[in-house]
Amino acid sequence: MTQVFHTVTAMRDAVERAAQDSPKQQPVVSIVPTMGALHSGHAGLLRAARNSADIVLASVFVNPLQFDDPQDYQHYPRQLDHDLQLLAQHGVDCVFAPGLEEMYPGYPEGPLIRVNTGKLGQRWEGASRPGHFDGVATVVTKLFTILHPPAPAVCEAWFGQKDAEQLAVIRRLVADLNLPVRIRVLPIVRDKNGLALSSRNVRLSDEDYDAALSLSRALFTLAARAESGKTLDVEGLRDHLRASGGVDLDYLVVVDPNNLQEIAHGVIHEPALALIAARVGPVRLIDTMDLRPALSPPQ
Ligand code: PAF
0 MTQVFHTVTA
10 MRDAVERAAQ
20 DSPKQQPVVS
30 IVPTMGALHS
40 GHAGLLRAAR
50 NSADIVLASV
60 FVNPLQFDDP
70 QDYQHYPRQL
80 DHDLQLLAQH
90 GVDCVFAPGL
100 EEMYPGYPEG
110 PLIRVNTGKL
120 GQRWEGASRP
130 GHFDGVATVV
140 TKLFTILHPP
150 APAVCEAWFG
160 QKDAEQLAVI
170 RRLVADLNLP
180 VRIRVLPIVR
190 DKNGLALSSR
200 NVRLSDEDYD
210 AALSLSRALF
220 TLAARAESGK
230 TLDVEGLRDH
240 LRASGGVDLD
250 YLVVVDPNNL
260 QEIAHGVIHE
270 PALALIAARV
280 GPVRLIDTMD
290 LRPALSPPQ
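Mind the numbering: the sequence shown is residues 0 to 298 in numbering that gives the first Met the number 0, read in order.
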């Protein structure tokens with residue numbers, strides 16, 4: 000049965016009990032951090048976590064520190080009852096659903112101490128949304144601290160590949176701060192037309208939805224060009240997106256997956272990552288795709 004906790008103390012006690020009561024000597028505990036408004040992309044994460052772990056913990060918390068736009072924070076969909084049903088259906092053992100005051104006493108003055116993600120957190124999404132990745136890193140550090148099981152349990156946390164920049168920041172956070180959590184990644188879940196699933200998609204009109212499909216199309220084009228050893232011509236794709244209606248392109252770039260630095264737009268010889276972000280109607284959408292170089296040079 001899924002148990003729900005709203006305070007740090009109650010959640011910590013529950014995690015400790017769950018680990019102690021496990022028949023395994025060294026149970027694997029999976030954490031699935033979320034901001035709620037769960038969709039089938041999250042369902043994939045929950046299934047993967049359930050399959051790989053003995054104990055599954057999820058969190059539902061809309062983290063104000065990672066929103067640079069107060070309107071976006073205010074309008075972010077909140078549907079805890081629906082989320083709890085989905086979490087129960089996926090066999091989550093314990094859910095941490097704290098209120099704002101529980102996570103950040105004295106907010107907005109607190110928390111005084113926050114994680115600084117440096118240059119990595121200031122590229123692309125970080126440049127467009129100043130402070131976003133510091134906010135993500137701060138809440139993820141707190142969640143890992145609160146949900147981490149006592150030894151000898153092993154702790155892993157699941158994230159979606161869709162937020163590729165977030166993933167790069169979290170991997171670096173775990174490495175730099177020696178957080179004892181193994182990061183696991185679920186590939187992007189797309190709808191039948193290729194749009195990456197996102198909690199924000201519910202706010203797209205039919206017209207916005209059609210426009211939004213051009214984002215994933217651009218990424219598929221880049222992946223096909225990379226695999227066939229052709230020049231990527233990112234600039235040409237940017238021009239095409241800017242000329243087509245309904246999409247206000249922020250960036251389309253090809254980067255090194257580890258440090259998110261832009262790489263040349265010619266032919267790629269190493270695996271790379273394509274990142275795209277655009278405003279479509281009332282929402283900002285992001286998407287990403289792994290680019291694999293051609294196995295052999297084209298004839
Ligand atoms: O990816 C998300 O939903 C959020 O950024 C996360 C990791 C739950 C932190 O608030």
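Backbone N, C-alpha and C define an ideal beta-carbon position, used for all residues, glycine too.
Here the structure is a predicted model, which means the values were calculated and not measured.
Continuous alpha helix (DSSP H) stretch holding A47: start and end:
39 to 51
Hey, how far is the Cα of R224 from the Cα of A9?
52 angstroms
Kindly indicate which three-state DSSP category V246 falls into: helix, strand or coil?
coil
Using CA atoms only, rank isn't needed, just tell me which of K229, A13, R278 is closest to I145.
A13
Under 8 angstroms: do the stretch 157 to 171 and the stretch 113 to 120 share three or more Cβ pairs, one atom per stretch?
yes
Should the stretch 179 to 193 be regarded as contacting the stretch 253 to 265, the criterion being three or more beta carbon pairs within less than 8 angstroms?
no
Where does M0 fall in DSSP's three states?
coil
Counted within 10 angstroms of its Cβ, other Cβ atoms place T6 as buried (16 or more) or exposed
exposed
Give the straight-line distance between the Cα atoms of E234 and R128, rounded to the nearest whole angstrom.
23 angstroms
Cβ-Cβ distance between A222 and L290 below 8 angstroms:
yes
Per DSSP, R183 forms a beta bridge with which residues?
W157
Beta-carbon distances below 6 angstroms to any heavy atom of the ligand PAF define the shell here; list its residues in chain order, please.
P32, T33, M34, N62, Q65, V135, V138, V139, D162, Q165
G244 vs D207 beta-carbon contact at 8 angstroms:
no
Would D80 and V59 qualify as a contact pair, given that the criterion is a beta-carbon distance under 8 angstroms?
no
Which one of V61, N192, D209, Q88 has the shortest CA to CA distance from V279?
D209
By a C-beta neighbour count over all protein chains shown, 10 Å radius and 16 as the cutoff for buried, is A271 buried or exposed?
buried
Buried versus exposed call for K23 [16 or more other C-beta atoms within 10 Å across all chains shown]:
exposed
On the criterion of 16 or more Cβ atoms from any shown chain inside 10 Å, does S227 qualify as buried, or is it exposed?
exposed
Boundaries of the alpha helix (DSSP H) in which A96 is found, first to last residue:
First-last for A96: undefined, no H or E at that position.
Tell whether a beta-carbon distance below 8 angstroms holds between V28 and L56.
yes
Which same chain residues end up closer than 6 angstroms to Q160 when comparing Cβ atoms and leaving out the 5 residues on each side of it in sequence?
V184, P186, I187
In DSSP terms, what L272 is bridged to:
V254, D289
Nearest by alpha-carbon distance to Y106: which of V114, H89, N62 is it?
N62
Rounded to the nearest angstrom, what separates I112 and M102 at their Cα positions?
13 angstroms
Grab me the residues of P32's own chain with a C-beta within less than 6 angstroms of its C-beta, minus the 5 sequence neighbours each way, in chain order.
S58, L142
Nearer than 7 angstroms: is that true of the beta carbon of L111 relative to any heavy atom of the ligand ADP?
In terms of ligand content, the structure shown lacks the ligand ADP and carries the ligand PAF instead.
In angstroms, rounded to a whole number, what distance separates the CA positions of Q88 and M0?
10 angstroms
Considering only residues of the same chain and omitting the five flanking positions on each side of F338, which have a CB-CB separation below 7 angstroms?
This structure does not reach residue 338, given that the chain is present from 0 up to 298, and the question cannot be answered.
Report yes if the CB atom of A18 is closer than 8 angstroms to the CB atom of A152, and no otherwise.
yes
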